[in-house]
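K.L.:
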Amino acid sequence: MGRRILRVLISLKVRPATTDIRAWPGSGFLRNPSSGDNRQGGGRGRPDVASRHAANKIARGIMLKYHFLVFKMNRLVGKGKLSSVEEVSLAGQLAEMIDSPDAAQRVLADLADHANPQIRRITLNAIRRSHQVSAPALPAVLLRRMADTEALIRHDAVWIVQDNKMDGPELRAALRRLAGKVRLPWDAERARANPSDATLMAQVRARVALDKLLEKSAAERNAALAAGLLNIGNGQPYAEGTVGHKGVMQRALRRKQAGRRLDSSVKLTFRKVEPTEVTGNKRFLL
1009 MGRRILRVLI
1019 SLKVRPATTD
1029 IRAWPGSGFL
1039 RNPSSGDNRQ
1049 GGGRGRPDVA
1059 SRHAANKIAR
1069 GIMLKYHFLV
1079 FKMNRLVGKG
1089 KLSSVEEVSL
1099 AGQLAEMIDS
1109 PDAAQRVLAD
1119 LADHANPQIR
1129 RITLNAIRRS
1139 HQVSAPALPA
1149 VLLRRMADTE
1159 ALIRHDAVWI
1169 VQDNKMDGPE
1179 LRAALRRLAG
1189 KVRLPWDAER
1199 ARANPSDATL
1209 MAQVRARVAL
1219 DKLLEKSAAE
1229 RNAALAAGLL
1239 NIGNGQPYAE
1249 GTVGHKGVMQ
1259 RALRRKQAGR
1269 RLDSSVKLTF
1279 RKVEPTEVTG
1289 NKRFLL
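Mapping of the sequence shown onto this note's numbering: residues 1009 to 1294, in sequence order.
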């Protein structure tokens, strides 16, 4: 079609700005403006179109599989409660489709707040198995799921936090609320002896994850103290005369006094007792 128009223009002695058909209006589908293969006479437009069409076809196929899987999950949970084997199988199929943070974001937006608790748990298991934890919506989803009504969902949310070593003040507060008054290692032994108690298992896992985060913070603080680099959060010391500066001085004084007491308490002094010479019959009176 383009060549026919070119012949008509030549016969009418109208010279276009270029003789490259790909540069004409209406033929933009033959080239990719963002690629570097748009030079006149390059002849690389058609492979770009073919690759784009192939990529779009693959994307449409994946999206079709995803919608079919979501339909399958809704249909199965509508018939009745799924077994553990079915949950694991569906989570594995969903995890195979989550190959990027964008895909994880889409799955979280569609299924993380589903009305059915089993679909919520399948979603969390799929995210955990895919290791795509950089989705922007994941921290907020985990906070909501750690307050879920289902104990197994709370357990799986903490599992994701623990496996990926996620940290943050809101996550720590949620872990602390979930752990409650659990005491280790006694409650951990109780949870191992009674694996059907999902509530206790979620609390124990939350306590373990929180202790790991606190241990990490304590190690960093001790390292900063040892290096003498511990100041306020922005790295600047407190101004002299402020409440923060007075607190720093008081804590330093208490540490110094405690060190002195410790040094003095461990020093034991002994006085050598010389044996006395016994004369006469005094040795019989001792």
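Glycine residues also receive a C-beta, built at the ideal position from the N, C-alpha and C atoms.
Considering only the alpha carbon of each residue, which of A1099, V1166 and R1259 lies closest to L1119?
P.N.:
As a working mapping, residue 1119 is identified with position 111 in the sequence shown. The residue with the shortest Cα to Cα distance from L1119 is A1099.
K.L.:
Given 8 Å as the limit, is there contact between the region 1191-1205 and the region 1165-1182, that is, 3 or more CB pairs closer than that?
P.N.:
Judged by Cβ distances under 8 Å, the region 1191-1205 makes no contact with the region 1165-1182, as fewer than three pairs qualify.
K.L.:
Starting from the Cα of K1073, find the closest Cα among E1197, E1094, V1115 and L1160 and give me that residue.
P.N.:
On the sequence shown, position 65 is the one that residue 1073 refers to. For K1073, the nearest C-alpha among the options comes from V1115.
K.L.:
Is the CB-CB distance between I1135 and V1085 below 8 Å?
P.N.:
Stepping through the sequence shown from its first residue, residue 1135 is reached at position 127. Stepping through the sequence shown from its first residue, residue 1085 is reached at position 77. The answer is no: Cβ separation not under 8 Å.
K.L.:
For R1213, is the classification buried or exposed, using 16 other Cβ atoms within 10 angstroms of its Cβ as the cut-off for buried?
P.N.:
The sequence position of residue 1213 within the sequence shown is 205, counting from 1. Its Cβ being crowded by 16 or more others within 10 Å, R1213 is buried.
K.L.:
Does DSSP put L1090 in a helix, in a strand, or in coil?
P.N.:
The residue you call residue 1090 lines up with position 82 of the sequence shown. Here L1090 sits in coil by DSSP.
K.L.:
If I measure Cβ to Cβ from R1153 and keep anything under 8 Å in the same chain, skipping five residues before and after, which residues do I get?
P.N.:
As a first step, residue 1153 is located in the sequence shown; it is residue number 145 there, counting from the start. Around R1153: A1120, R1128, L1132, I1161, R1162, D1164 and A1165.
K.L.:
Using a Cβ-Cβ cut-off of 8 Å (strictly less than) and excluding sequence neighbours within five positions of S1108, which residues of its own chain qualify?
P.N.:
Start at 1 with the first residue of the sequence shown, and residue 1108 comes out as number 100. Closer than 8 Å at the Cβ level, and outside the excluded window around S1108, lie Q1140.
K.L.:
Could you tell me the distance, in whole angstroms, from the CA atom of V1281 to the CA atom of G1249?
P.N.:
As a position in the sequence shown, residue 1281 is number 273, starting the count at 1. As a position in the sequence shown, residue 1249 is number 241, starting the count at 1. Cα-Cα distance, rounded: 55 Å.
K.L.:
Hey, how far is the Cα of M1174 from the Cα of M1081?
P.N.:
Sequence index remark: in the sequence shown, residue 1174 carries index 166 (1-based). Sequence index remark: in the sequence shown, residue 1081 carries index 73 (1-based). Each residue's Cα considered, the two are about 29 Å apart.
K.L.:
Sorted by chain position, which residues of the same chain lie with C-beta nearer than 6 Å to I1130's C-beta, five sequence neighbours on each side aside?
P.N.:
The residue given as residue 1130 occupies position 122 in the sequence shown. So the qualifying residues of the chain are E1095, L1098 and A1099.
K.L.:
Using 10 angstroms around the beta-carbon of L1233, count the other beta-carbons present and answer buried if the total reaches 16, otherwise exposed.
P.N.:
The sequence position of residue 1233 within the sequence shown is 225, counting from 1. By the 10 Å Cβ count, L1233 comes out exposed.
K.L.:
With DSSP collapsed to three states, give me the class of D1164.
P.N.:
Walking along the sequence shown from the start, residue 1164 turns up at place 156. In this structure, D1164 counts as helix in the three-state DSSP scheme.
K.L.:
Roughly how many angstroms lie between the CA atoms of V1078 and S1091, to the nearest whole one?
P.N.:
In the sequence shown, counting from the first residue as 1, residue 1078 sits at position 70. In the sequence shown, counting from the first residue as 1, residue 1091 sits at position 83. Roughly 17 Å between the two C-alpha positions.
K.L.:
Less than 8 Å between the beta carbons of Q1211 and L1186, yes or no?
P.N.:
Here residue 1211 corresponds to residue number 203 of the sequence shown, with the count starting at 1. Here residue 1186 corresponds to residue number 178 of the sequence shown, with the count starting at 1. Yes; because the gap between Cβ atoms is below 8 Å, this pair is in contact.
K.L.:
I need the boundaries of the alpha helix (DSSP H) containing R1137, first residue and last residue.
P.N.:
In the sequence shown, residue 1137 corresponds to position 129, counting from 1. It spans P1125 to S1138 - the alpha helix (DSSP H) in which R1137 sits, taken as one unbroken run.
K.L.:
Along the chain, which unbroken stretches of the alpha helix (DSSP H) at least 4 residues long are found entirely within the region 1143-1212?
P.N.:
Within the region 1143-1212, the complete alpha helix (DSSP H) runs of at least 4 residues are 1146-1153, 1159-1171, 1177-1187 and 1194-1201.
K.L.:
In the DSSP assignment, the alpha helix (DSSP H) including R1114 goes from what residue to what residue?
P.N.:
Here residue 1114 corresponds to residue number 106 of the sequence shown, with the count starting at 1. Taken as a continuous stretch (DSSP letters only), the alpha helix (DSSP H) holding R1114 covers P1109 to L1119.
K.L.:
May I have the straight-line CA-CA distance separating E1228 from D1219, to the nearest angstrom?
P.N.:
Locating residue 1228 in the sequence shown gives position 220, where the first residue counts as 1. Locating residue 1219 in the sequence shown gives position 211, where the first residue counts as 1. Those two C-alpha atoms are separated by around 14 Å.
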